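The listed protein sequences correspond, in order, to chains A and B. Residue numbering for the first sequence is 717 to 910, as defined by the numbering used here. Residue numbering for the second sequence is 491 to 676, as defined by the numbering used here. Don't be surprised by glycine CBs; every beta carbon is placed ideally from N, CA and C. Treat the numbers as computed from the prediction; the structure is a model and nothing was measured.
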Amino acid sequence: MTTSTMLASLNRHHGGGATTLLLSVTLLVLTGHAQQKPGVSRTTVAARPIPLNAKGCRPATLEQKNWADYQWAPFESHEIACPLRTGGRIVLVVLSVDAYEIEKTLPAQAPAPKYPRALIVTPGGRAVGNLPFAFPFDPPVSLDVAFADWKDGLPRTVELYLEDPAVGGNRKLPSLKWDEKLARYIQTEVSYGR
Amino acid sequence: MGGSTAPTGAAGLTPAADTKKVEELKKACDEAYSYAPAANSCSHAVWYVIQKLINPQERLRTANDLIDYMVASKDWREVTVDEGWQLANEGKVVVGGREDTPNGHVIIIYPGGKIPGGGYKYNFTNKRTGKVQQLIMHSHGNYPRCLSRSMGQWPGGVSKGDKNVFDPWGSEEAFKEVRFWTMGKP
């Protein structure tokens with residue numbers, strides 16, 4: 717049933733007020749405002765994957781830097797925090813290194829740095845997973861990340877897409893899935909290529 | 491990153507008996523690099539070397555098909571990258587490759603010392619600014635040289651022994667799935 721036939725049907729049975737009602741519900745879902753309404757399931761919110769916006773990354777705060785372990789020490793001055801927001805609140809933070817800035821400073825003959833894999837962290841600082849690369853750039857590859865399968869205000873799937881200029885080419889990577897028992901995102905598929 | 495590393499061979503030197511084979515392998519790789527149909531096709535370059543040095547009747551296979559064939563074949567056996575390097579420096583044909591969708595990639599280990607790789611420029615889009623920028627590919631370590639041709643624009647995918655076996659794939663995650671095969675028993 718299309719929206720117009722649904723509206724026609726509702727209006728036949730309930731009068732013209734049905735149009736207003738249906739449009740209001742649609743707007744609530746689309747804008748995410750349904751999340752704040754008691755009794756409305758959060759599963760209706762963010763039904764579509766929400767991409768992690770690389771333009772929203774900012775230098776990590778001192779508190780955020782403490783989320784990283786010793787392997788991040790060489791990159792401490794270039795750590796960035798990329799917030800995942802929905803409905804105006806931060807749901808998760810991806811902690812990574814700004815490889816764009818680091819690469820600018822490297823001499824031509826320098827060996828490639830081994831960048832730490834980006835961390836997925838709750839706003840409270842609990843690490844709940846790793847991305848397979850630094851975000852959004854782990855030379856020479858770039859990573860697109862989207863959070864999907866939302867339930868109870870949290871994404872259950874992390875979708876990954878790699879932009880690879882080398883012979884492997886651009887490709888979708890195996891998604892990360894939320895593991896209830898481990899309370900973290902894990903990779904359930906092991907294959908990287910075909 | 492230093493210069494090239496000398497091939498070690500079993501006794502640190504390439505035996506005289508193998509010198510001719512090494513020169514033949516190098517010549518076949520150089521010819522394959524210049525072979526017109528291989529200009530945009532890794533599998534044509536590898537096919538050229540196999541036909542020249544192993545089996546003139548060998549049929550052409552795509553990269554994915556060639557890898558499937560070598561995996562299933564009793565004539566080909568898998569070797570490590572270092573074993574492959576030793577064998578290439580004895581003049582043996584060693585094919586490296588990784589399957590992918592829709593196209594995998596195959597290479598030949600080119601005889602000679604290991605080299606650092608990298609050093610070439612590539613373009614990418616900066617996701618934080620949206621601008622296209624250029625960077626230098628840095629070395630990911632010393633690896634054997636390779637013969638590689640490619641349909642893509644990646645500079646690391648085109649090598650006449652001047653880039654190493656890591657360069658075509660360019661990342662640790664992809665390279666760890668690259669496997670190597672040679673013909674015959676140990």
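Tell me the residue span of the alpha helix (DSSP H) that contains residue i.
| i | result |
| --- | --- |
| alanine 562 (chain B) | 553–562 |
| glutamine 541 (chain B) | 532–543 |
| glycine 574 (chain B) | 571–578 |
| glutamine 780 (chain A) | 778–781 |
Beta carbon of residue i, beta carbon of residue j: below 9 Å?
| i | j | result |
| --- | --- | --- |
| leucine 637 (chain B) | glycine 660 (chain B) | no |
| leucine 835 (chain A) | tryptophan 783 (chain A) | yes |
| alanine 843 (chain A) | proline 829 (chain A) | no |
| glycine 709 (chain A) | cysteine 798 (chain A) | Residue coverage of chain A in this structure runs from 717 to 910, which leaves residue 709 (chain A) outside it and unanswerable. |
| alanine 826 (chain A) | glutamate 795 (chain A) | no |
| arginine 567 (chain B) | glycine 674 (chain B) | yes |
| glycine 647 (chain B) | cysteine 532 (chain B) | yes |
| lysine 511 (chain B) | glutamate 573 (chain B) | no |
| proline 855 (chain A) | glutamate 819 (chain A) | yes |
| alanine 535 (chain B) | isoleucine 599 (chain B) | no |
| serine 629 (chain B) | proline 658 (chain B) | no |
| arginine 805 (chain A) | threonine 591 (chain B) | no |
| arginine 669 (chain B) | serine 649 (chain B) | no |
| phenylalanine 656 (chain B) | glutamate 879 (chain A) | no |
| tryptophan 537 (chain B) | leucine 556 (chain B) | yes |
Near residue i, what residues of its chain come up, given a Cβ to Cβ distance below 6 Å and the 5 sequence neighbours on each side ignored?
| i | result |
| --- | --- |
| leucine 737 (chain A) | Bear in mind that the predicted position of leucine 737 (chain A) carries a pLDDT of just 40, short of 50, making it too unreliable to give a figure here. |
| tyrosine 765 (chain B) | Within the shown structure, residues of chain B are numbered from 491 to 676, placing residue 765 (chain B) beyond reach of any answer. |
| leucine 577 (chain B) | Val584 and Thr672 |
| valine 741 (chain A) | A caution first: valine 741 (chain A) carries a pLDDT of 39, below 50, which makes its placement in the model unreliable, though a value can still be read off. Answer for valine 741 (chain A): no residue qualifies. |
| lysine 542 (chain B) | Ala518 |
| aspartate 508 (chain B) | Glu580 and Gly581 |
What residue does the beta strand (DSSP E) around residue i start on, and which one ends it?
| i | result |
| --- | --- |
| glutamate 879 (chain A) | 870–879 |
| tryptophan 461 (chain B) | The displayed coordinates of chain B run from 491 to 676. Any statement about residue 461 (chain B) would go beyond what the structure contains. |
| cysteine 636 (chain B) | 633–638 |
| valine 837 (chain A) | 835–837 |
| asparagine 616 (chain B) | Run containing asparagine 616 (chain B): none; DSSP gives neither H nor E here. |
| asparagine 846 (chain A) | 843–846 |
| glutamine 903 (chain A) | 900–903 |
| phenylalanine 911 (chain A) | Nothing about residue 911 (chain A) can be reported from this structure: the residues present for chain A run from 717 to 910 only. |
| lysine 893 (chain A) | 887–895 |
| asparagine 654 (chain B) | 649–654 |
Counting only Cβ pairs nearer than 9 Å, list the residues of chain C close to residue i.
| i | result |
| --- | --- |
| tyrosine 901 (chain A) | The chain inventory of the structure shown lacks chain C, comprising the protein chains A and B. |
Assuming the contact rule is C-beta atoms closer than 8 Å, residue i and residue j should be a hit. Round their C-beta distance to whole Å, please.
| i | j | result |
| --- | --- | --- |
| glycine 845 (chain A) | tyrosine 901 (chain A) | 3 Å |
| leucine 876 (chain A) | proline 848 (chain A) | 7 Å |
| histidine 478 (chain B) | glycine 607 (chain B) | Residue coverage of chain B in this structure runs from 491 to 676, which leaves residue 478 (chain B) outside it and unanswerable. |
| alanine 850 (chain A) | valine 874 (chain A) | Contact doesn't hold; Cβ gap of about 15 Å is too wide. |
| alanine 882 (chain A) | leucine 768 (chain A) | Between leucine 768 (chain A) and alanine 882 (chain A) the Cβ distance is about 23 Å, and since that is not below 8 Å, they are no contact. |
| lysine 582 (chain B) | asparagine 654 (chain B) | Their Cβ separation, rounded to whole angstroms, is 18 Å, which puts lysine 582 (chain B) and asparagine 654 (chain B) out of contact at 8 Å. |
For residue i, I'd like the list of residues in its chain whose CB is within less than 8 Å of its CB, leaving aside the five on either flank, ordered along the chain.
| i | result |
| --- | --- |
| threonine 838 (chain A) | Leu808, Val809 and Val844 |
| threonine 721 (chain A) | The predicted position of threonine 721 (chain A) is uncertain, since its pLDDT is 38 and thus under 50; a value taken from the coordinates is nonetheless stated next. Excluding positions up to five away in sequence, the list is empty. |
| phenylalanine 623 (chain B) | Looking at the sequence shown, residue 623 (chain B) is not phenylalanine but glutamine. Within the same chain, glutamine 623 (chain B) has close Cβ partners Asn613, Phe614, Thr615 and Asn616. |
Pull the bridge partners of residue i from the DSSP assignment, please.
| i | result |
| --- | --- |
| glutamate 795 (chain A) | A:Val813 |
| valine 585 (chain B) | B:Ile598 and B:Trp671 |
| proline 827 (chain A) | B:Ser629 |
| glutamine 624 (chain B) | B:Asn613 |
Might you give, ordered along the chain, the residues of its own chain that have their beta carbon closer than 7 Å to the beta carbon of residue i, omitting 5 neighbours on each side?
| i | result |
| --- | --- |
| proline 765 (chain A) | Ala862, Phe863, Ala864 and Glu875 |
| leucine 743 (chain A) | Confidence at leucine 743 (chain A) is low in this model, with a pLDDT of 37, below 50, so its placement is unreliable and the value that follows should be read with caution. For leucine 743 (chain A), where only same-chain residues beyond five positions count, there are no Cβ hits under 7 Å. |
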